[in-house]
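Here the protein sequences come in this chain order: V and R. When the first sequence is numbered by our numbering, its final residue is 228 and no position is left out of the sequence of numbers. When the second sequence is numbered by our numbering, its final residue is 228 and no position is left out of the sequence of numbers. Just so you know, even glycine gets a beta-carbon here, dropped at the ideal spot from N, CA and C.
Protein chains: 2
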Amino acid sequence: MQAQAAIAMVDRPHPFLRQASTNAAASGGRAAKELRLARGRALFYEGDRVEHFYEILSGTVRCCRIIHDGRRQIYRFVGQGGMIGLGCQDRYGYSAEAVTDVVARRHRLADLDAAMAADDAMRRGVLQALRDELAATRAQMLLLGRMSAAEKLASFLLALAGESADPDACIELPMTRSDIADYLGLTIETVSRKLNELRLLGVICLDTPTRVRITDLDRIEAIAEAA
Amino acid sequence: MQAQAAIAMVDRPHPFLRQASTNAAASGGRAAKELRLARGRALFYEGDRVEHFYEILSGTVRCCRIIHDGRRQIYRFVGQGGMIGLGCQDRYGYSAEAVTDVVARRHRLADLDAAMAADDAMRRGVLQALRDELAATRAQMLLLGRMSAAEKLASFLLALAGESADPDACIELPMTRSDIADYLGLTIETVSRKLNELRLLGVICLDTPTRVRITDLDRIEAIAEAA
DNA sequence: CGTCATCTTGAGTACGATCAAGAGGGGTGG
DNA sequence: CCACCCCTCTTGATCGTACTCAAGATGACG
């Protein structure tokens, strides 16, 4: 109930979403279903047939892929107001798992398709969402391919801080070190060490392992620099 | 004329493209313009206002971003039949530069928008293209975040081989070691060394620095494994 | 033939991974 | 209420992969 506040604290429903619900209802489609998932449970698994997309009402979800030897890459964390599955086709290319307890609304992809055909604003909204996701994914490629561990951590914390309404409020990390590591292409030990280094530099304050405060915005931005 | 054959040798125009041209013409839009770029020239730069998208008719283009200290990440290589700029909004998030001499067709994004509104198949085609690009970008995230240098090289060569029509034909690399390095998140020295290691293992044959033949498909697939 | 860019190869280094042990924190059951 | 267990996080020591710096080889072009 408190953890998921870290990601996407702002309460802005996606532009096309009201319309999605309205249109589905108007066209006689079943109402969007609300789901509750306990921490650790999956919204769907990689390889599942794509029939729905999901709107996250509260909590945080990780989208990830695991390869046979156990290595994992987390593609994105999705918090309140975020959409999952818009960019998928036929089969999901990743699993979506609840990082915290999650409430999500499930929509039929077919309804969205119909709505896009009928409504210009809806079509633009979905396109915009896809393009935003693509841009975010590219930014993460740059991070994974060309940044040092310290830069990765600094960028990550700044991104979390940026999503929060209050600029220099506490950041509550909903995810474990393992999640952070698999998102940034590091190990948990490196995440732990680099966070500690940032703390020793006076750049952040670690009230608890999951509670971070940025104490020197300029410095952490200088460390993240590449952006 | 011969180099770009390595990427996307197959001559399949994008599903929605004929329609794009047709529609633009039918709706009185100016005909799509054909551009010729010498090797090294840019189609557009990061930050340019987005007005067009491009269809690559021949040659290879790299989409990349450079940060202030010179580090570069190449997001994708685009060969014959590929589209550039569909996933962009307002301002391009990367530069597009000709790796070889390139011929491209320039289309107005506004025309595409109109066509998507009018035509169901067109809308689905563009969505599919965006989703494919998103899937490819995610695959590259996994590669950048979780793969060893050898695995990266093996995956890269297999991807190139997969795009070619003939399975075990020669792969002509249109890009330099530097391009490969910046695509895979490595240095040119590591690219050179790992290619040589693959050669010593008998997995590939390097006829010239830019001409590769896969001599042991099973082995190279085993090395790339994660996929 | 000379120049320049690219590629290769070598030697040493460093960053992050791995292996290992211990500390903290929350929840459950006695 | 306390003790215990488990999970996560931290910290330390060592290792290895890939980077850096440097020099030489190869090849294209004028």
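Check, Outcome
"Output the boundary residues of the beta strand (DSSP E) element that contains ILE205/V.", "205-209"
"Is the separation between the beta-carbon of HIS69/R and that of HIS108/R shorter than 8 Å?", "no"
"Using CA coordinates, which residue listed in ALA105/V, ASP180/V, ALA115/V and LEU131/V is at the minimum distance from LYS34/V?", "ALA105/V"
"Which residue comes first and which comes last in the alpha helix (DSSP H) that contains VAL100/R?", "It is not in any alpha helix (DSSP H) - VAL100/R carries neither H nor E in the DSSP assignment."
"Is there a Cβ of chain V sitting closer than 8 Å to that of TYR55/R, yes or no?", "no"
"Going straight from the alpha carbon of GLY94/R to that of ALA116/R, what length do you get?", "24 Å"
"Is ASP167/R buried or exposed, if buried means 16 or more other CB atoms sit within 10 Å of its CB?", "exposed"
"Which residues, taken in chain order from the stretch 113-125 of chain R, show a beta carbon closer than 9 Å to some beta carbon of chain V?", "ASP114, MET117, ALA118, ASP121, ARG124 and ARG125"
"Are the beta-carbon atoms belonging to VAL213/V and ILE172/V less than 8 Å from one another?", "yes"
"Just how far apart, CA to CA, sit MET2/R and SER59/R?", "Here MET2/R scores only 34 on pLDDT, less than 50, and its place in the model is too uncertain to base an answer on."
"Quick check: the Cα distance between GLY80/R and THR211/V, rounded to an integer number of angstroms?", "45 Å"
"By Cβ distance, which residues of its chain are closer than 6 Å to SER179/V, with the 5 residues on each side in sequence left out?", "ILE189"
"With DSSP as the reference, label TYR55/V as helix, strand or coil.", "strand"
"Could you please give the first and the last residue of the uninterrupted beta strand (DSSP E) stretch that includes ALA38/R?", "The sequence shown places Leu at residue 38/R, rather than the Ala named in the question. Per DSSP, LEU38/R belongs to the beta strand (DSSP E) from 34-38."
"Output needed for LEU110/V: all residues of its chain with C-beta closer than 8 Å, excluding positions within five of it in sequence on either side, in chain order.", "VAL51, GLU52, HIS53, PHE54 and GLY86"
"Please name the residues in the stretch 76-95 of chain R whose beta-carbon is closer than 8 Å to at least one beta-carbon of chain V, in chain order.", "TYR76, GLY88, CYS89, GLN90, GLY94 and TYR95"
"Could you compute how far the alpha carbon of MET148/V sits from the alpha carbon of ASP102/R?", "31 Å"
"Pick out whichever of ALA136/V, GLN74/V and ARG37/V has its Cα sitting closest to the Cα of CYS65/R.", "ALA136/V"
"Let me know if GLY71/V comes out buried or exposed under the rule of 16 or more other beta-carbons within 10 Å of its beta-carbon.", "exposed"
"Taking the alpha carbon of GLY230/V as the point to measure from, which residue in LEU159/R, VAL204/R, LEU144/R and LEU154/R has its own alpha carbon closest?", "The first residue shown for chain V is 2 and the last is 228, placing residue 230/V beyond what the model contains."
"Which ranges does the beta strand (DSSP E) cover as unbroken runs of at least 3 residues, wholly within the stretch 57-143 of chain V, from first to last along the chain?", "62-67, 73-79, 96-99 and 103-109"
"So is GLY146/R in contact with chain V if we call contact Cβ pairs under 8 Å?", "yes"
"How would you list, in chain order, the residues of chain V whose beta-carbon sits under 9 Å from the beta-carbon of ALA136/R?", "GLY88, CYS89, GLN90 and GLY94"
"Taking the C-alpha atoms as reference points, what is the distance between GLN74/R and ASP208/R?", "28 Å"
"What residues in the stretch 185-205 of chain R bring their beta carbon closer than 8 Å to a beta carbon of chain V?", "LEU185 and GLY186"
"By how many angstroms is the C-alpha of LEU113/V removed from the C-alpha of ILE181/V?", "32 Å"
"Could you tell me which of PHE78/V, ASP91/V, SER96/V and LEU161/V sits nearest to LEU44/V, measuring between CA atoms?", "SER96/V"
"What is the DSSP secondary structure of GLY29/V, counted as helix, strand or coil?", "Below a pLDDT of 50, predicted positions are generally treated as unreliable, and GLY29/V, at 44, falls in that range; the measurement from the model is reported next regardless. If DSSP states are grouped into helix, strand and coil, GLY29/V belongs with coil."
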